[in-house]
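Everything below concerns the one structure shown next.
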Amino acid sequence: MKRKTTIMTSAIAGLIALGASGTAPASAAEKPEVEKCYGIVKAGKNDCQTSASACAGTSAKDGQPDSWIFVPKGTCDKIVGGTTSPKG
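According to this note's numbering, the sequence shown is numbered sequentially starting from -7.
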C-alpha cells in the first residue's frame, strides 16, 4: 500500500512540475517592444492620459486624436488612422 502511495505522489508531483514549467514568468528580455498608437482607440479604452483627462479609460469618443493604446512595435503604421504621434 505504501508503494502505491509513493508512486502516485511521485506521478502527481511530476505532472505539477511539468505544468509549472510552461507557466514560468517571462523575463524582461522576452517582453515584446511596444509603441503608443494614437487615434485608433474606442471610447473609454485608452491606456493613459489625454490632453483632456488624466486617467486611462477616459477617452470621450472613438478615434479621439490624442488618446492612445500600446501596440506591438511596427503595428501602428499598419492600422488605418493610427499614428505614433498625437494628431492635432
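Think of the CB as a built atom: it goes at the ideal place given N, C-alpha and C, for glycine as much as any other residue.
From a predicted model like this one, the values you see are computed outputs, not experimental measurements.
Proximity winner among the options, relative to residue i (alpha-carbon distances)
{"i": "P64", "options": "A46, Q56, D58, G74", "result": "G74"}
{"i": "K79", "options": "G49, A46, T42, T50", "result": "T42"}
{"i": "F62", "options": "K23, N38, I8", "result": "N38"}
Buried/exposed call for residue i, threshold 16 Cβ in 10 Å
{"i": "I4", "result": "exposed"}
{"i": "S77", "result": "exposed"}
Test item: CB-CB of residue i and residue j under 8 angstroms
{"i": "G36", "j": "P57", "result": "no"}
{"i": "W60", "j": "V33", "result": "yes"}
{"i": "C29", "j": "C68", "result": "yes"}
Same chain, Cβ closer than 6 angstroms to residue i, neighbours up to 5 away in sequence not counted
{"i": "D54", "result": "K34, A35"}
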